[in-house]
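Structure first, commentary second.
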Amino acid sequence: MQKRQLLYSGKAKDIYATSDPNLVIMRYRDDLTALNGEKRGSFEGKGAINQAVSDTIFAFLENRGIKTHFVKTLGDNETLVKAVTILPLEVIVRNVAAGSFSRKYGVKEGTPLKSAVLEYSYKMDELGDPMLAESHILALGLATQEQLNKIADSTYKVNDALKELFSRLGLNLIDFKVEFGVTSDGDILLADEITQDSCRLWDMETGVRVDKDRFRQDLGGVKDAYQDLLERLTRASTPTSCENA
Ligand code: UDP
């Protein structure tokens with residue numbers, strides 16, 4: 004398998020073709036963006052951290068029986084993934100009120116929700132990513148009902164698995180965004196990335212934010228927060244001396 008031409012350059016990742024038409028390489032850059040790309044920044048090592056975090060999480064979800072695009076970690080911030088056509092949907096799950104949900108519905112940030120919210124927005128920066136009901140998605144032909152059923156089912160499973168994983172790391176999963184893609188065979192796979200760019204994570208004891216809100220809201224300590232999550236994940240996957248005994 005050989006790396007070929009650049010196919011697409013997104014806000015924080017590049018996608019390269021490979022000699023196998025069913026596989027592409029995703030390369031994580033050091034860029035950070037917020038407010039639909041209006042606010043930009045970067046720090047050295049961010050691409051490497053996000054790659055390590057996302058690859059660990061995707062491998063964990065695969066182990067839980069969730070179908071994803073993940074194939075394997077390569078060097079140099081690169082991950083080999085199955086080629087998919089990304090559906091133009093941001094699939095968002097909320098466990099606790101924060102961000103746009105708090106603003107829109109007047110609910111104080113940090114209020115636990117009685118049940119998880121699953122919502123969709125149209126991945127379209129020019130329109131400000133408007134929220135979509137299922138009927139909008141069907142009417143606009145963005146996905147079929149069958150695809151939406153699979154997406155909802157998989158997303159709730161992702162939420163359960165991630166809540167469990169992060170709580171083991173001492174973190175509360177407030178909300179997150181995922182994306183799905185369709186393979187040439189028509190399979191729906193969880194795709195893109197799961198990192199601090201796409202999840203809100205608050206320390207369970209201190210409430211400190213360990214995610215992109217530090218950048219969005221100029222809270223400082225952005226790099227430390229990104230490193231902190233990777234360290235927690237690494238510690239959790241390293242057997243302790245007790246377990247070795
Ligand atoms: N999110 C994302 N990309 C987007 C919009 C949202 O990854 O383009 C994530 C965001 O990090 C948060 C969740 O989706 O974990 C819900 O975001 P929200 O709608 O509250 O947006 P925001 O407060 O960023 O406007």
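Adding 3 to a residue's 1-based position in the sequence shown gives its number in our numbering. Beta carbons: idealized from backbone N, C-alpha and C, even for Gly.
Span separating the alpha-carbon of residue i from that of residue j
i      : j      : result
Leu101 : Met4   : Leu is not the amino acid found at residue 101; the sequence shown has Ala there. C-alpha separation (whole angstroms): 43 angstroms.
Tyr123 : Tyr11  : 23 angstroms
Gly109 : Ser103 : 10 angstroms
Asp200 : Lys215 : 5 angstroms
Ala142 : Leu135 : 10 angstroms
Thr71  : Asp195 : 9 angstroms
Glu81  : Val27  : 10 angstroms
Gln148 : His139 : 11 angstroms
Leu90  : Thr198 : 19 angstroms
Lys49  : Ala55  : 10 angstroms
Asp33  : Leu92  : 24 angstroms
Ile59  : Pro133 : Here residue 59 turns out to be Thr, not Ile, going by the sequence shown. Going by the C-alpha atoms only, they are around 31 angstroms apart.
Anticipated Cβ contact below 8 angstroms, residue i with residue j, distance rounded
i      : j      : result
Arg7   : Lys16  : Going by Cβ atoms, the distance from Arg7 to Lys16 rounds to 17 angstroms, so no, they are not a contact pair.
Lys153 : Ile191 : 5 angstroms
7 angstroms CB neighbourhood of residue i in its chain, flanking five on each side removed
i      : result
Ala155 : Leu121
Arg171 : Ala239
Ser244 : With a pLDDT of only 45 at Ser244, under 50, the local geometry of the prediction cannot be trusted, and no value is derived from it.
8 angstroms CB neighbourhood of residue i in its chain, flanking five on each side removed
i      : result
Asn247 : In this prediction, Asn247 scores a pLDDT of 46, lower than 50, which makes its location untrustworthy; the coordinate-derived value is nonetheless stated afterwards. Cβ within range, chain order: n/a, list empty.
Lys111 : Ala100, Ser105
Lys42  : Thr36, Phe218, Arg219
Ala119 : Val96, Arg97, Asn98, Tyr159, Asn162
Host alpha helix (DSSP H) of residue i (start-end)
i      : result
Arg217 : 216-219
Glu149 : 148-171
Asp79  : Segment: none, Asp79 is in no alpha helix (DSSP H) and carries neither H nor E.
6 angstroms Cβ shell around residue i - same chain, five flanking residues per side excluded
i      : result
Arg203 : Ala101, Ile177, Asp178, Asp214
Residue i, enclosing beta strand (DSSP E) - first and last residue
i     : result
Gln8  : 6-12
Ala20 : 16-21
May I have a chain-ordered list of the alpha helix (DSSP H) segments no shorter than 4 residues that lie completely inside the segment 36-67? 49-66
Please specify which runs of the beta strand (DSSP E), each continuous and at least 3 residues long, are wholly inside the segment 60-141, giving them in chain order. With a minimum length of 3 residues, the unbroken runs of beta strand (DSSP E) contained wholly in the segment 60-141 fall at 73-76, 81-85, 92-99, 115-125.
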